[in-house]
Amino acid sequence: MEKGNATATINIAETSSERKGKAPLLAAPMEHAKGGYKRGIAIFDFVLRLSALVAALTATITMGTTDQTLPFFTQFFQFQASYDDLPAFEYFVITNPIVRGYLVLSIPFSIVCIVRRPHAVGPRLLLIILDTVMVALTTAVASAAAAIVYLAHNGNPSANWLAICQQFTDFCQKVSGAVVASFITVVMFLFLVVLSAIALRRN
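Mapping to full-length UniProt numbering: the sequence shown position 34 is 34, numbers consecutive.
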């Protein structure tokens, strides 16, 4: 009887130890997969910030260098179109450097989120708040410029505003390209907000 009890006790102890030994083996791949997922989000965030910086820089340079003069018979009588003739385009050129400056300053925080991904809740929360502000600002700037570009292409017969893009073709092409680049920046900011929200939820 004593031998039988001893044997049963040993078997139970071995079974429980086997279960304890298997639990960490199953948990380790799950932790590794979760860490890799977070790292992937952080790296994609960094790439998107660089891409948004390039798009905002392209929009600013394109709009800021837009200038066209129509040739006429005398140099004293000329028609000229420049971005600083329209307040919406001036607002565009002034505001986009603010967006670029923010993107440059946010890149170190994005790197911190890559390096310290398990403990990057604070930087990630700060980024999602400021990214949301930049979405609103960039959308407002791009929308105002897009309204002027629409008038330049189509005019407004009710207000007797004539379309000028048939004459100032280069001017309209450049400002249209700048507006498109600005809206690309808006889309990238939206992706950044979504990525930050996903990363915070995973934490």
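Quick reminder that beta carbons are idealized off the backbone N, C-alpha and C, glycines included.
Note that this is a predicted model, so its numbers are computed, not measured.
Contact annotation: Ala147 and Asn154 have beta-carbon atoms that are not nearer than 9 angstroms. When Cβ pairs closer than 8 angstroms are counted between the two stretches, the region 176 to 189 is seen not to touch the region 121 to 128, the count staying below three. Per the C-alpha coordinates, the member of Leu151, Tyr102 and Leu195 positioned closest to Val54 is Tyr102.
Leaving aside the five residues that flank Ile43 on each side, the residues in its chain whose CB is nearer than 8 angstroms to its CB run, in chain order, Ile114. For the pair Phe171 and Asp84, the CB atoms are not nearer than the 9 angstroms cut-off. The C-beta of Gly40 has fewer than 16 other C-beta atoms within 10 Å across all chains shown, which makes the residue exposed. Excluding five sequence positions before and after Ala181, the CB atoms of its chain that fall closer than 6 angstroms to its own CB belong to Ala55, Thr58 and Ala59, given in chain order. Pairing Thr139 with Val186 gives a Cβ-Cβ distance under 9 angstroms. Ala145 is a Cβ neighbour of Met63, given a cutoff of 9 angstroms.
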